[in-house]
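Numbering (our numbering), first residue to last: 1 to 292.
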Ligand code: NDP
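Below is the structure:
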């Protein structure tokens, strides 16, 4: 559909955004749903992200927010979903009843990806690697699914402690403890919520051989053919999945906030898989940024 004067504009706001698959996924959704709208990626600084959110929403559009602005835009929001209030971060915004609204669809996105990999998380003992926005989404989704213990492993202990203190206020049903020494521990599900794996020379988020048992590994990073960490897990016979399913599910949930109708998930999945496929028609030459 060629944009017209009536076309509504949606955007991914962050830095970097150049390798994001969200434009490919959302434009395929808009086309399939016959919506007169376009989705673009705009690299922006912390000083301009607020004006962009406000301008896009007030002009009848909306969008997503990614690194490093997910926490900063919260103060602009006039309505926040429970997921935003609990996590302290927002990845989706739109206008409703004249108010700028925000949600954190990474929470349902993670839930969908975990469902696909391990099914019920009730009572599970889990490990989340990372203490940023993505880790917060994972922990909230685990709490909502009735998981038991969540152990957090993060490079910076101070940041993990701060996140744990904040999340403890809203997620009373979950016990979150920082840990650096995991030797001999057992987990039903281990999640990588760091960017490790995006770079070709990155270390593994965790050598799974150091654990007594690893039930499944969910990597939020996505790479065609699997990430080094999902390949490491598979080589040990551990079921593993990368971040594609989460990317799709958070994008579908964002579509539903913007349009108040079901997302064309099949069209979005096909577009994502086609864009990420290795070869001459690949979306980009660098590793994909699957933050949003
Ligand atoms: P943040 O910047 O908020 O947090 C990054 C986390 O990763 C921090 O805990 C940080 O530790 C840790 N980290 C960063 N670099 C390293 C490193 N070299 N070694 C060890 N730890 C490191 O990012 P987000 O939480 O928003 O996103 C994290 C990743 O999750 C993204 O890069 C993206 O790949 C993925 N993601 C995927 C989604 C999907 O739909 N598939 C959705 C959202 C995110 P420290 O605190 O010490 O700095």
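Glycine included, each C-beta is placed from N, C-alpha and C at the ideal position.
Quick one: is the Cβ of residue i within less than 7 Å of any heavy atom of ligand 1?
| i | result |
| --- | --- |
| residue 165 | no |
| residue 193 | yes |
| residue 122 | no |
| residue 87 | no |
| residue 131 | yes |
| residue 246 | yes |
| residue 106 | yes |
| residue 235 | no |
| residue 154 | yes |
| residue 268 | no |
| residue 250 | yes |
| residue 24 | no |
| residue 243 | yes |
DSSP on residue i, reduced to helix/strand/coil?
| i | result |
| --- | --- |
| residue 103 | strand |
| residue 74 | helix |
| residue 219 | strand |
| residue 122 | coil |
| residue 56 | helix |
| residue 273 | helix |
| residue 111 | helix |
| residue 326 | Residue 326 cannot be examined here, being either before or after the span of the chain that is shown, 1 to 292. |
| residue 27 | helix |
| residue 50 | helix |
| residue 266 | helix |
| residue 129 | strand |
| residue 281 | Since pLDDT at residue 281 reaches only 43, below the 50 mark, its modelled position is unreliable, and the value read off the structure follows with that caveat. Here residue 281 sits in coil by DSSP. |
| residue 6 | coil |
| residue 159 | helix |
| residue 165 | helix |
| residue 14 | strand |
| residue 22 | helix |
| residue 213 | strand |
Can you tell me where the beta strand (DSSP E) with residue i in it begins and where it stops?
| i | result |
| --- | --- |
| residue 237 | Segment: none, residue 237 is in no beta strand (DSSP E) and carries neither H nor E. |
| residue 149 | 149-153 |
| residue 64 | 62-65 |
| residue 192 | 189-192 |
| residue 92 | 92-96 |
If you follow the alpha helix (DSSP H) that residue i is part of, which residue opens it and which one closes it?
| i | result |
| --- | --- |
| residue 133 | 133-144 |
| residue 251 | 244-259 |
| residue 43 | First-last for residue 43: 37-43, but that is the beta strand (DSSP E), not the alpha helix (DSSP H). |
| residue 85 | 82-87 |
Open item on the list: Count Cβ pairs between the segment 79-98 and the segment 56-69 that sit closer than 8 Å; are there 3 or more?
Closed with: Yes: at least three Cβ pairs fall under 8 Å.
Task: Cβ pair count under 8 Å reaching 3, the segment 210-218 against the segment 183-194 - done: Yes, the segment 210-218 is in contact with the segment 183-194.
TODO: Could you tell me whether the segment 25-41 touches the segment 240-253, where touching means 3 or more Cβ pairs closer than 8 Å?
DONE: For the pair of segments examined, the segment 25-41 was found to touch the segment 240-253: the number of CB pairs separated by less than 8 Å reaches three.
TODO: May I ask you to verify whether the segment 234-249 touches the segment 104-123, counting CB pairs closer than 8 Å and requiring at least 3?
DONE: Yes, the segment 234-249 touches the segment 104-123.
TODO: Tell me, please, whether the segment 150-157 touches the segment 119-132 by the rule of three or more beta-carbon pairs shorter than 8 Å.
DONE: By the Cβ rule, the segment 150-157 counts as touching the segment 119-132, because three or more pairs are nearer than 8 Å.
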